[in-house]
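Numbering (the numbering used here), first residue to last: 1 to 380. Where a beta carbon is used, it is the ideal one built from N, C-alpha and C, also for glycine. Data block below; observations after.
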Ligand SMILES: C[S@@+](CC[C@H](N)C(=O)[O-])C[C@H]1O[C@@H](n2cnc3c(N)ncnc32)[C@H](O)[C@@H]1O
C-alpha cells in the first residue's frame with residue numbers, strides 16, 4: 001500500500017463491502033485521500049485526537065450579521081434573548097463566547113506548528129437605534145493569541161460590490177454617513193513555532209507540495225481581490241443562502257500552509273468548499289456541520305460526475321504556469337533556469353523542480369466519507 005503509506009491513510013478493507021474493496025484494489029498503487037463529514041456540532045470535535053490536524057481552514061457564522069442570527073440564537077438561548085431585547089453589545093459578546101467553545105476545540109486538535117486560517121467579516125448594524133461596527137475579527141485574534149497561537153500577517157479579502165444602495169447614512173451631507181465594508185479578513189495563526197520537516201519522506205512531501213514562484217508572489221500578498229461565489233441554496237433547503245466562500249480561498253490557503261497527505265479541518269463545513277479544495281490539493285479533510293440538509297450539497301460538490309469540472313482547476317493552474325513561462329521568455333529573452341521533470345516545463349527556482357499536481361481519477365461515496373483516488377502527471 002505504497003500510497004496509503006505516503007498519505008498517512010490506513011484504509012480498512014471491510015470484506016462485507018465489495019464495492020469499497022474493489023475501489024481500494026483498483027487504486028492500490030495510487031494516491032488516495034479521505035474526506036470525513038460529521039453532521040454534528042463543532043463544540044466537541046470528539047472524533048479528533050489532540051494535536052491531530054495540520055491545518056484548519058474555516059469561516060464561522062458571522063456574529064451580528066443578520067443572516068446568522070437564527071443559527072446562533074437557536075444554539076444559545078441567551079443570544080436569542082439579547083437579540084429580542086435589542087441589546088447589540090450583549091448579543092455580540094455572547095455570540096463570540098459561543099464561538100470560543102469551538103475555537104477551544106480547534107486549538108486542542110491542531111498540531112504544534114500547524115496553522116489556523118479563519119475567514120471572518122466585521123458587521124455593521126443598527127440595533128436598539130444605535131448604528132455601529134461589530135469588530136468580529138478582533139475577537140477571534142484575541143482568542144487565539146490568548147490560547148497559545150502566534151498571530152501572523154492577515155489577508156484582506158476585497159469583495160467589491162456594485163450594489164446601488166451600498167452607501168449607508170446621510171448621503172452627500174456630512175457627519176452622518178458610513179464607510180461601506182467591501183472586505184473581509186483571512187486571519188492566520190500558528191500553534192507554537194515553525195513546523196519541522198525531519199525525515200526524508202517529510203522533506204520530499206514538502207517539495208512535491210511546492211507552489212509556483214508566480215503564485216507565491218500573488219498568494220503571499222496581503223490583499224486578495226476575489227469575487228464572492230454563488231450562495232443560493234435550492235428552494236427545498238431550510239435557508240436561502242449558504243454563506244459559502246469561493247473555492248479559490250481554501251485552495252490557496254491549503255497550498256500555502258500544508259503539504260500533500262496532511263489533514264485539513266473545517267469545523268463549519270457548510271457546502272463543503274474546504275473539502276473540495278483539500279481533495280484538489282491531495283490533502284485529507286474532516287468537516288463538521290450542524291445543518292444536516294447540507295450533507296447532500298457536500299456530496300454533490302464532490303461527486304464522481306463532476307470529476308472533469310473539478311479537475312479543470314488543476315488544468316487551468318498548469319496552463320497559467322505555461323502562459324507565465326512564455327510571457328517571461330518574451331519579456332526577458334532568457335529561458336527559465338530550472339526544470340520540473342514531472343510536468344516537463346521550466347520553473348523559476350530550484351524549489352519548484354519537484355512540484356507535482358495530481359488529477360482526480362475516481363471518487364467514492366460512503367455514508368459519511370468520501371475517498372478520492374488520483375492519477376499523476378508525468379513520472380513520480
Ligand atoms: C459561513 S458558513 C460556512 C460556509 C462554508 N465555508 C462554505 O463554503 O460553504 C458557516 C456554517 O457553520 C454552520 N454552523 C453553525 N453553527 C455550527 C456548529 N455549532 N457546529 C458546526 N457547524 C455550525 C452553519 O450551518 C453554516 O453552514
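| Item | Value |
| --- | --- |
| Closest by C-alpha distance to residue 346, when choosing among 363, 361 and 327 | 327 |
| Minimum C-alpha distance to residue 37 - residue among 201, 215, 272 and 150 | 272 |
| Local conformation of residue 375 per DSSP, three classes | strand |
| Environment of residue 344 [buried if 16+ CB atoms lie within 10 Å] | exposed |
| Any non-hydrogen atom of ligand 1 closer than 8 Å to residue 244 Cβ | yes |
| Selection from 45, 114, 20 and 89 that minimises the alpha carbon distance to residue 55 | 114 |
| Beta-carbon contacts of residue 274 that lie in its chain and below 6 Å, excluding the five residues immediately before and after | 57, 250 and 266 |
| Any non-hydrogen atom of ligand 1 closer than 8 Å to residue 268 Cβ | yes |
| Reduced DSSP secondary structure (H/G/I, E/B, other) of residue 226 | coil |
| Burial state of residue 31 (16 or more Cβ within 10 Å) | buried |
| Inter-residue spacing [alpha-carbon to alpha-carbon] between residue 186 and residue 93 | 21 Å |
| Counted within 10 angstroms of its Cβ, other Cβ atoms place residue 242 as buried (16 or more) or exposed | buried |
| CB contact check: residue 372 to chain C, cutoff 9 Å | Of the protein chains in this structure there is only one, and it is not chain C. |
| Cut-off 6 Å between Cβ atoms - residues of its own chain near residue 321, not counting five sequence neighbours on either side | 212 |
| Under 9 Å between C-beta atoms of residue 290 and residue 156 | no |
| Where residue 205 sits in the DSSP three-state scheme | helix |
| Through-space distance from residue 227 to residue 68, alpha-carbon basis | 21 Å |
| Proximity test, residue 230 beta-carbon vs ligand 1 heavy atom, cut-off 8 Å | no |
| CA-to-CA distance, residue 350 to residue 337, given in whole angstroms | 8 Å |
| Rounded straight-line distance, which links the Cα of residue 263 to that of residue 82 | 38 Å |
| Residues near residue 177 in its chain [Cβ-Cβ closer than 8 Å; skip 5 each side] | 167, 168, 169, 170 and 171 |
| beta-carbon residue 62 near ligand 3 non-hydrogen atom, thresh 8 Å | Questions concerning ligand 3 fall outside what the structure shown contains, since the ligands it does hold are ligand 1. |
| Bridge partners - residue 345, DSSP secondary structure assignment | 340 |
| Residues near residue 128 in its chain [Cβ-Cβ closer than 7 Å; skip 5 each side] | 86, 87 and 88 |
| CB contact flag (residue 184, residue 160, <9 Å) | no |
| Where residue 46 sits in the DSSP three-state scheme | coil |
| Three-way DSSP call (helix, strand, coil) for residue 199 in this model | coil |
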